[in-house]
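Novice: As they're listed, the protein sequences go chains U and A. Heads up, the final residue of the first sequence is numbered 251 in my numbering, and it's a clean run with no missing numbers. Heads up, the final residue of the second sequence is numbered 897 in my numbering, and it's a clean run with no missing numbers. Backbone N, C-alpha and C fix where the C-beta goes; we use that ideal spot for every residue, glycine too.
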Amino acid sequence: MGVAKRYRDLEALHALSLTLSPGITGLLGPNGAGKSTLMRIIATVTQPSAGSVLWNGTDITRRPDELRRQLGYLPQDAGVYPQLSADEFLRYVAALKGLPARSAARQIDMLIEQLNLSSARTRPLGGFSGGMRQRVGIAQALLGEPQLLVVDEPTVGLDPEERVRFRDLITELGRDRIVLLSTHIVSDVEVAASRIIILDSGRVCADGTPSEVIGVHGNLERAYLALAGTGRAA
Amino acid sequence: MNQIVRIALADWQARTRTFAFFILAALALQFAYLFVPDAHAGYLTVSVGGTRGIYDSAWMGALNALCSVLILGFVGFYAVRGAVLRDARAGCAGIVAASPVSRIAFITGKWASNFALLGFVATVLLVGAMIMQQVRAEDRAFDGLAYAGPFVFVVLPACAVIAALAVLFDTVRPLRGVWGSVLWFFVVSFAIEFPLMAWTKSGAASPFDALGLTPLIAEMGKGLQVAFPGAKLTGLTIGVSNYIRAPRTFVWHGMTWTGLLIAERFAWTAVALGVVGLASLAFNRSADTGARKTTDRANSLGRFVPDVPGLRLLRAEASILFAESGWWWSVVAVAVGVAGLFVPQSGLLRFIVPLALLVPLGKYGSLGTRDRTDGVEELLLSAPRAASRIVAARIVAAGLIGCIPLAGAIVRLPALAVVPFAAAALAIVIGRLSGTPRAFEAMYLVVWYAGALNHAPVLDLPADALATPVMLTLVGLSALAITSVIARLQLRRL
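(1) Going by the beta-carbon positions, is the gap between arginine 194/U and leucine 166/U smaller than 8 Å?
(2) Just curious, the beta strand (DSSP E) that aspartate 217/U is in, first and last residue?
(3) Please report the residue range of the alpha helix (DSSP H) in which cysteine 495/A lies.
(4) Report the CB separation of glycine 580/A from glycine 765/A in whole angstroms; it is logged as a contact under 8 Å.
(5) Taking only beta carbons into account, state which residues of the region 94-112 of chain U come closer than 8 Å to chain A, listed in chain order.
(6) Relative to the C-alpha of phenylalanine 686/A, which residue among Val762/A, Leu758/A, Val585/A and Arg576/A is closest?
(7) In chain A, which residues lie with their C-beta within 8 Å of the C-beta of glutamine 157/U?
(8) Please tell me whether lysine 22/U has its Cβ less than 8 Å away from any Cβ of chain A.
(9) Would methionine 600/A be called buried (16 or more neighbouring beta carbons within 10 Å of its own) or exposed?
(10) Assign glycine 232/U to buried or exposed, taking buried as 16 or more other Cβ atoms, counted over all protein chains shown, within 10 Å of its Cβ.
(11) Glutamine 406/A touches chain U at which residues, Cβ-Cβ below 7 Å?
(12) Please classify arginine 815/A: is it buried, with 16 or more other beta-carbons within 10 angstroms of its beta-carbon, or exposed?
(13) Just checking my contact of alanine 95/U with glycine 494/A at CB under 8 Å: how many whole Å lie between their CB atoms?
(14) Who does threonine 42/U pair with in a DSSP beta bridge?
(15) If I follow the unbroken beta strand (DSSP E) through arginine 23/U, where does it start and stop?
(16) Give the range of the beta strand (DSSP E) segment to which proline 167/U is assigned.
(17) Which of helix, strand or coil does DSSP assign to valine 504/A?
(18) Using the beta-carbon of each residue, which ones in chain A are nearer than 7 Å to alanine 60/U?
(19) I need the boundaries of the beta strand (DSSP E) containing glycine 115/U, first residue and last residue.
(20) What is the DSSP secondary structure of glutamate 28/U, reduced to helix, strand or coil?
(21) For a test of your reading of the model: does the CB of alanine 853/A fall under 7 Å from any non-hydrogen atom of the ligand GTP? Yes or no.
(22) Scan the region 828-862 of chain A for residues whose Cβ lies nearer than 8 Å to a Cβ of chain U and list them as they occur along the chain.
(23) With distances taken between CB atoms, is the gap from proline 560/A to phenylalanine 669/A smaller than 8 Å?
(24) Under three-state DSSP, which class holds tryptophan 655/A?
(25) Between the C-alpha atoms of leucine 91/U and threonine 139/U, what's the straight-line distance to the nearest angstrom?
(26) Check the DSSP bridge columns for valine 221/U and list the partner residues they point to.
(27) Below 8 Å, can you find three or more Cβ-Cβ pairs linking the region 196-209 of chain U to the region 127-135 of chain U?
(28) Residues of the region 519-544 of chain A in Cβ contact with chain U at a cutoff of 7 Å, in chain order, please.
(29) Closer than 6 Å by C-beta to alanine 675/A: which residues in its own chain qualify, once you throw out the five before and the five after it? Chain order, please.
(30) Do the region 728-741 of chain A and the region 799-818 of chain A touch if we need at least three Cβ pairs shorter than 8 Å?
(31) State the DSSP-derived secondary structure class of leucine 175/U, mapped to helix, strand or coil.
(32) So glycine 729/A contacts chain U; which residues on that side make the cut at Cβ distance below 7 Å?
(33) Below 8 Å, how does it come out for the region 490-510 of chain A and the region 101-118 of chain U: are there three or more Cβ pairs, yes or no?
(34) How big is the Cα-Cα spacing for valine 643/A and leucine 473/A?
(35) Run the CB neighbour count on glycine 583/A, radius 10 Å, all protein chains shown included, and call it buried at 16 or more, exposed below.
(36) Can you tell which of Arg123/U, Thr78/U, Leu159/U and Glu178/U has the C-alpha that lies nearest to the C-alpha of glycine 148/U?
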């Protein structure tokens, strides 16, 4: 039985079955398609109404900590403590993830460098631009070298240069781990993802490699526009 | 352990880098000064049988401990509340929920942060007391142990208990909001009154004294008996008591800390850790990760404000205020308002008016913080003449809503109508200054408890309304005008 989620009278996910393997899986869909609900279930933040989620054979709806130790999660609209600096905030998240202090310090240094935050690492986050805060959010998700990375709209607020930088980083990370990437920016997924899933009204409309999903439509944007409505019709 | 320390540290950093923290530190310094009035000040903060000890280290250590516990209980709790909710407000709740941190480690970290903040305030008060001993100069000989005993065995365990209950009130959902604040007020009042009553009856310290007041008081009482043999303990006051003739003073030689007494005090620290355990069981890490819960009850009584140009903003503000609570609030408010028409005047002032002043507290608390919490500040202020229009509409809407439970009383005592409007204006200013609804709630509850419920002079607004209705109206209108101006300036500064 697939995973289902119901909010009162709204069926957010309809018995959805997926198996994820290392690589980047791009999740596309219109607003309200169920992307964030699916991400939140996989990130152990919310429980499905029916079905189970298995991580290496362990049902994480019952034993979520089995996954949480290997999970990086960037929620949609993730926030930060405005009074803390990037460095302090990342140390806080490292503590939540149970990283040893030395390892945490090393990873924080590396991520701050990778995400181009070096010049602002000691400034309070309250003074950061939206894009800079988003980069801090991405950095916290990458702390602990997670085996599963769940990122919900990670490129919102990033300028084109930062988007390219993030795409390169995520492509690198996707070589040996599972990355589930939800976005509205079709080109981000087209370039980086090895697999694309299109959701609509809580159902899978399309699932395959980029070339399989694009099929006869010429490019992913056209394919998305053509396929996204089919879930509603189902 | 390292994980708990780092969680507590981040929380501490987030709290101490706010304007509200500086207000708290300044208040602590001010309290430290007020605790030790000079010989002609006309008031005492701790008096035993109408007397006081001379301001030596022993008396100052005990006085500081008693007053600190009172302040930490009534003010400190509200200052440290919200450690768990802070993650949700900052948008970090999803990150916490998806992390492998255990509930007990996370909640213990939050408790440690609460404890550190209360401990900081207590330390400021302690240092202030030491300075005031030298300033008052009744006995300048400094005895560090006389300060350390009450601080370590009374104040710090009390901090542990208050910090733990603050976390529990954050994690148990029904206690999170304004009614948790109201409940705490009665809990801490009981926690102070009950052991004091037990001590009055038996003359001995009560073991059921979470805040640790009675061991000190019992020893002070013994000191009084030694200084004035045969003197009767006709009254004990912690807080402000006025006098006309200067009270007698005596030399108190301080506490004898027995092993049993120390064990009792540390047992309360163990109880505090037990409460932290309970709070961790109650903590639902996923509860605040989703979209904000919305209500479809925005229609309610807000609909009765006419939808005409000039009143639309008022209608919108009223709708928001009604939407913040369910239909039950309107039913209770109307029922209390109607009851005020029919009960005898004595019952009106003893029961109905205090209740009517308490019912809208939840509406006032969020007036000054709602825009920031909901992230609509900039959106609102981009509207033409936003600051003045919004503040005016908000004060009028909240004031009118506050008049609903007071309706019956207002028909009989019209001057009371000023109170809700003044409260709304003050709530906006305090909310904007502190960034939290708790500051206004705590202040309002203290005034309500002392005035409306216990009829303390000046603060008893209903009694003032009866005695000098015109004066109260003028005072209320002045407060309204002044606070409106301040609130406008506050909003404009954003």
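Specialist: For this structure:
(1) As a working mapping, residue 194/U is identified with position 177 in the first sequence. As a working mapping, residue 166/U is identified with position 149 in the first sequence. Taking a C-beta distance under 8 Å as the contact criterion, arginine 194/U and leucine 166/U qualify as a contact pair.
(2) In the first sequence, residue 217/U corresponds to position 200, counting from 1. Here the beta strand (DSSP E) through aspartate 217/U covers 212-217.
(3) Here residue 495/A is taken as the residue at index 92 of the second sequence, counted from 1. Element bounds for cysteine 495/A: n/a, residue is neither H nor E.
(4) By 1-based counting over the second sequence, the position of residue 580/A is 177. By 1-based counting over the second sequence, the position of residue 765/A is 362. Under the criterion of beta carbons closer than 8 Å, glycine 580/A and glycine 765/A qualify as touching, at roughly 6 Å.
(5) Result list: Asp94, Ala95, Gly96, Val97, Tyr98, Pro99, Gln100, Leu101, Glu105, Phe106, Arg108, Tyr109, Val110, Ala111 and Ala112.
(6) Within the second sequence, numbered from 1, the residue matching residue 686/A stands at position 283. Selection Val762/A, Leu758/A, Val585/A and Arg576/A evaluated against phenylalanine 686/A yields Arg576/A as nearest (Cα-Cα).
(7) Position 140 of the first sequence holds residue 157/U. Within chain A, the residues whose beta carbon sits less than 8 Å from that of glutamine 157/U are Ile498, listed in sequence order.
(8) Looking up residue 22/U in the first sequence gives position 5. The beta-carbon of lysine 22/U is placed no less than 8 Å from the nearest beta-carbon of chain A.
(9) Counting from one through the second sequence, the residue named residue 600/A turns up at place 197. When all chains shown are included, methionine 600/A counts as exposed.
(10) Working through the first sequence from its first residue, we reach residue 232/U at position 215. Exposed is the call here.
(11) Translated into the one-based positions of the second sequence, residue 406/A becomes position 3. Within 7 Å Cβ-Cβ: Ala112 and Gly115.
(12) Position 412 of the second sequence, counted from the first residue, corresponds to residue 815/A. Around the Cβ of arginine 815/A, a 10 Å sphere holds fewer than 16 other Cβ atoms; the residue is exposed.
(13) In the first sequence, residue 95/U corresponds to position 78, counting from 1. In the second sequence, residue 494/A corresponds to position 91, counting from 1. Indeed, because the Cβ distance is near 6 Å, the residues count as touching under 8 Å.
(14) As a first step, residue 42/U must be located in the first sequence, where it is residue number 25. In the DSSP secondary-structure assignment, threonine 42/U is bridged to Leu197/U and Arg212/U.
(15) Position 6 of the first sequence, counting from 1, holds the residue named residue 23/U. In the DSSP assignment, arginine 23/U falls within the beta strand (DSSP E) that extends over 20-24.
(16) Numbered from its first residue, the first sequence carries residue 167/U at position 150. Sequence inspection shows valine at residue 167/U; the proline mentioned does not correspond to that position. Where valine 167/U is concerned, the enclosing beta strand (DSSP E) stretches over 165-169.
(17) The count along the second sequence starts at 1 and reaches residue 504/A at position 101. When DSSP states are grouped into helix, strand and coil, valine 504/A belongs to the coil group.
(18) By 1-based counting over the first sequence, the position of residue 60/U is 43. Counting only Cβ-Cβ distances below 7 Å, alanine 60/U has contacts in chain A at Ala501, in chain order.
(19) Indexing the first sequence from 1 puts residue 115/U at position 98. In this chain, glycine 115/U is not harboured by any beta strand (DSSP E), its DSSP state being neither H nor E.
(20) The residue labelled residue 28/U in the question sits at position 11 within the first sequence. Strand, per DSSP.
(21) The ligand content of the structure shown is nil, which means the ligand GTP is not present either.
(22) Of all residues in the region 828-862 of chain A, none has a Cβ within less than 8 Å of some Cβ in chain U.
(23) Working through the second sequence from its first residue, we reach residue 560/A at position 157. Working through the second sequence from its first residue, we reach residue 669/A at position 266. Closer than 8 Å, so yes.
(24) What you label residue 655/A is simply residue 252 of the second sequence in a count that begins at 1. When secondary structure is reduced to three states using DSSP, tryptophan 655/A falls in the coil class, being assigned neither helix nor strand.
(25) For this step, residue 91/U is matched to residue 74 along the first sequence. For this step, residue 139/U is matched to residue 122 along the first sequence. So the alpha carbons of these two residues sit roughly 22 Å apart.
(26) Here residue 221/U corresponds to residue number 204 of the first sequence, with the count starting at 1. By DSSP's assignment, valine 221/U forms a beta bridge with Leu216/U.
(27) Counting Cβ pairs under 8 Å, fewer than three are found: no touch.
(28) Within the region 519-544 of chain A, no residue has a Cβ that lies closer than 7 Å to any Cβ of chain U.
(29) Position 272 of the second sequence, counted from the start, is the residue given in the question as residue 675/A. Closer than 6 Å at the Cβ level, and outside the excluded window around alanine 675/A, lie Ala563, Val564 and Ala567.
(30) Yes: at least three Cβ pairs fall under 8 Å.
(31) Residue 175/U sits at position 158 when you count from the first residue of the first sequence. DSSP places leucine 175/U in the coil class of the three-state scheme, outside both helix and strand.
(32) As a working mapping, residue 729/A is identified with position 326 in the second sequence. Per Cβ cutoff of 7 Å: no residues; glycine 729/A is ~16 Å from chain U at best.
(33) Contact between the region 490-510 of chain A and the region 101-118 of chain U is established, with three or more Cβ pairs separated by less than 8 Å.
(34) Reading the second sequence from its first residue, position 240 is the one you call residue 643/A. Reading the second sequence from its first residue, position 70 is the one you call residue 473/A. Roughly 12 Å separates the two Cα atoms.
(35) Position 180 of the second sequence, counting from 1, holds the residue named residue 583/A. By the neighbour-count rule (16 or more Cβ atoms within 10 Å), glycine 583/A is buried.
(36) Translated into the one-based positions of the first sequence, residue 148/U becomes position 131. A check of alpha carbon separations from glycine 148/U across Arg123/U, Thr78/U, Leu159/U and Glu178/U identifies Glu178/U as the nearest.
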